[in-house]
Amino acid sequence: MPSLKDLKNRINSVKSTRKITKAMQMVAAAKLRRAEEAAQQARPYADRMNAVMAGLAEKASGSESAPRLLAGTGDDKRHLLVVLTSERGLAGGFNSSIVKLARQTAVKLRGEGKDVTILTVGKKGREQLKRDYSQAFVNHVDMSEVKRLGYEHARDIADDVLDRFETGDFDVATLFYNRFESVISQVPTARQIIPAVIETAEDQEIADSVSAEYDYEPGEEVILAELLPRAVATQIFTALLENAASEQGARMTAMDNATRNAGDMISRLETEYNRSRQAAITKELIEIISGAEAL
Amino acid sequence: MADTMQFDLVAPERNLMSVPVREVRLPGTDGDLSAMPGHAPAIVNLRPGLVTVVDDKGTEHQFAISGGFAEINNSSVSLLAEIGRKREDMTQEVFDEMMRSAVRKKEAAEAKDTAHGAENIVASAAKLLADMEALGTHIGLDPNSSTVPH
Chain A
1 MPSLKDLKNR
11 INSVKSTRKI
21 TKAMQMVAAA
31 KLRRAEEAAQ
41 QARPYADRMN
51 AVMAGLAEKA
61 SGSESAPRLL
71 AGTGDDKRHL
81 LVVLTSERGL
91 AGGFNSSIVK
101 LARQTAVKLR
111 GEGKDVTILT
121 VGKKGREQLK
131 RDYSQAFVNH
141 VDMSEVKRLG
151 YEHARDIADD
161 VLDRFETGDF
171 DVATLFYNRF
181 ESVISQVPTA
191 RQIIPAVIET
201 AEDQEIADSV
211 SAEYDYEPGE
221 EVILAELLPR
231 AVATQIFTAL
241 LENAASEQGA
251 RMTAMDNATR
261 NAGDMISRLE
271 TEYNRSRQAA
281 ITKELIEIIS
291 GAEAL
Chain B
1 MADTMQFDLV
11 APERNLMSVP
21 VREVRLPGTD
31 GDLSAMPGHA
41 PAIVNLRPGL
51 VTVVDDKGTE
61 HQFAISGGFA
71 EINNSSVSLL
81 AEIGRKREDM
91 TQEVFDEMMR
101 SAVRKKEAAE
111 AKDTAHGAEN
121 IVASAAKLLA
131 DMEALGTHIG
141 LDPNSSTVPH
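Chains A and B supply the protein sequences, listed in that same order.
Quick note: the first sequence uses the working numbering, first residue 1, plus one each step.
Quick note: the second sequence uses the working numbering, first residue 1, plus one each step.
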C-alpha cells in the first residue's frame, strides 16, 4: 500500500505529463493546419504537371525512343526504396507504419531474387531500418534543419535519385510515405516514381483541357525529357508535404490519446488517494475513541 | 471572341497569380512568343527570362522566371515555373540563388560529360547558364556577384 505522500507525488507527476501532452497536441494542431494549407497550395502545380505529362506520355510511350525515365531500363531487377519518415518521434504509429510497409516490400522483392537498396529521408525511418537493412542504405537525407518544407528540398532528393538512375544504380524507384486522408487516418503508401507511372488526372476539367490537340514547342520528345525529371521532383514534393501533414495529424491523435489516458490515470489515483486518506482518518478516530473508552 | 483570357502563374509551392489578361509574352527556348486569346493550343518549353503580362486594363506586369513550361489554350495560359517573381521583387540575392543553381547544373553536366560523353547535356546546361546571365543583365543585376562554390 503506497503512502499518502507517494500517491500525491504520482498524481502531480501524471498531471505535469498531461500538461506536456496537451501542449504538444495543440502545437501539432497548429502545425497541421499549416501543413495542410501548404499541401493544398501545392496541388495546382502537381495537377497540371500530371495532366500535361499524361497527354505527352500517351503519345511518347508507344515510340521506340521514349525516354528511359518513362520507359524504364527494360529490367526490374534492382529496386530503390525511398523511405520518407519524420525527424521526431511521439507521433503514434506514423513512422512504424511507413517502415512496416517498406520492410514488407523489401522482403517480398528479395524473395523474388531482386536487389534492394534504400534511401532514407528523416532520422526515424533510418533508425528503425538500420538493424536489418544497413547494408542496403545508399544515402540519407537529413531534414532536421528544415523549418519550412520547400520545393528545393524535393529537388535535391530528386537530383540525387536521378543521378543514381543515370549511372545505372537501379531500375525501379518507389516512394514510401503516409498519404494524408484525414486527421485520424493516414494511409502508408508506396508509389512508383521511376519509370514514371502516368495517372489520369482526377480533375475532369483539367483532363479535358489537356486532351485537346496541342502543338509542342520545340518537340514532344524534348519537352518530355525536360518534364520527366521535374515530374519526379514534383511527386517527391507532394509526398513530402502529405507526409508532413500526416505526421502532425498522427502526432495530434497520439497526444490526444495520451492526454486522455493521463486524465483517466489521475482520476484513478485520486480515488485511491481519497480512500487512503479516509482510511487514515477512520483509523485515527478509532484509536482516539478506544483510548477514551479505556479510561 | 473574348478579348481576355485566364492567366495562371503556378509555382510548386503555390499559385502565384491568377488574373484575366489580354496578352502574355513568353521566353520560349526556341525564341520568344506572344499568346493572345484564341491562340492555338500549345505546350512550350521556357528558358529563364522575363514574362510580360498585359492585364485587362492594358497595364504591363513583368515576371522573372527560372524556366519551366507554359500550356496555352484558346482561353487560358498556365505557366508552370519553379521560381517565379515579380520583376520589382527580383533582388540580387534571389538572382544569385538562381545563378548558383544554373552554374551547379552546368558543372554537374560537365563532370558527367567526361564519364559518359553526353555532349547535349552540357550544351543545354551551358545554354541555361547563358540565358540566366542574359536575364540578369537585362534587368540590371550582376550575374557575376554570386560566389559560386567549387
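Glycine residues also receive a C-beta, built at the ideal position from the N, C-alpha and C atoms.
For clarity, every value in this text was computed on a predicted model and none was experimentally measured.
Quiz prompt | Nearest residue (CA-CA) to B:Pro41, options A:Glu213, A:Phe180, A:Asp163 | solution = A:Glu213
Quiz item: Does any CB atom of chain B fall closer than 7 Å to the CB of A:Ala42?
Solution: yes
Quiz item: Touching or not, the region 21 to 30 of chain A and the region 238 to 254 of chain A, by the rule of three or more beta carbon pairs under 8 Å?
Solution: yes
Exercise. Label A:Pro2 either buried or exposed according to how many other C-beta atoms from any shown protein chain fall within 10 Å of its C-beta, with 16 as the threshold for buried.
Key: exposed
Quiz prompt | Contacting positions in the region 26 to 43 of chain B - beta carbon closer than 8 Å to chain A | solution = Gly28, Thr29, Asp30, Leu33, Ala40, Pro41, Ala42, Ile43
Exercise. Note down, in chain order, each residue of its chain lying with its Cβ closer than 7 Å to the Cβ of B:Arg85, except the 5 sequence neighbours on either side.
Key: Phe63, Ala64, Val94
Exercise. Please confirm whether any heavy atom of the ligand SAM lies closer than 6 Å to the CB of A:Gly263.
Key: With respect to the ligand SAM, the structure offers nothing, as it holds no ligand at all.
Exercise. Would you check if the distance between the CB atom of A:Tyr151 and the CB atom of A:Asn243 is smaller than 7 Å?
Key: no
Exercise. Can you say whether A:Val172 is buried or exposed, counting buried as having 16 or more other CB atoms within 10 angstroms of its CB?
Key: buried
Quiz item: For the candidate residues A:Val99, A:Lys114, A:Asn12, A:Tyr216, whose alpha-carbon lies nearest to that of A:Arg131?
Solution: A:Val99
Quiz item: In three-state terms, what does DSSP make of B:Leu141?
Solution: coil
Quiz item: If you draw a straight line from the alpha carbon of A:Gln235 to that of B:Gly38, how long is it in whole angstroms?
Solution: 32 Å
Practice problem: Would you grab the beta carbon distance between A:Lys124 and A:Gly89 for me? Rounded to a whole angstrom, and I think it's under 8 Å. | Solution: 6 Å
Quiz item: On the three-state DSSP scale, how would you describe B:Gly84?
Solution: strand
Self-check item: Minimum C-alpha distance to B:Asp32 - residue among B:Ile83, B:Asp55, B:Asn45
Solution: B:Asn45
Exercise. Determine, using beta-carbon pairs with one atom in the region 220 to 233 of chain A and one in the region 36 to 55 of chain A, whether at least three such pairs fall under 8 Å.
Key: yes
Quiz item: Just checking my contact of A:Ala28 with A:Gln248 at CB under 8 Å: how many whole Å lie between their CB atoms?
Solution: 5 Å
Quiz item: In terms of residue numbering, what span does the alpha helix (DSSP H) encompassing A:Tyr214 cover?
Solution: Where A:Tyr214 is concerned, there is no enclosing alpha helix (DSSP H), given that its DSSP letter is neither H nor E.
Self-check item: Coarse secondary structure for A:Ala91, derived from DSSP in three states
Solution: coil
Quiz item: For B:Ser66, is the classification buried or exposed, using 16 other Cβ atoms within 10 angstroms of its Cβ as the cut-off for buried?
Solution: buried
Exercise. Throw me the rounded Cβ distance for the B:Ala134 and B:Ile83 pair, which I believe falls under 8 Å.
Key: Their Cβ separation, rounded to whole angstroms, is 16 Å, which puts B:Ala134 and B:Ile83 out of contact at 8 Å.
Quiz item: So, using beta-carbon positions, are A:Ala154 and A:Leu269 closer together than 7 Å?
Solution: no
Quiz item: Does B:Val10 get closer than 7 Å to chain A when you measure Cβ to Cβ?
Solution: yes
Quiz item: When burial is assigned at 16 or more other CB atoms within 10 Å of the CB, is A:Leu295 buried or exposed?
Solution: exposed
Quiz item: Along chain A, which residues have their Cβ under 7 Å away from the Cβ of B:Ser78?
Solution: Arg48
Quiz item: When we look at the beta-carbon of A:Gln186 and count the other beta-carbons within 10 Å, is it buried (16 or more) or exposed?
Solution: buried
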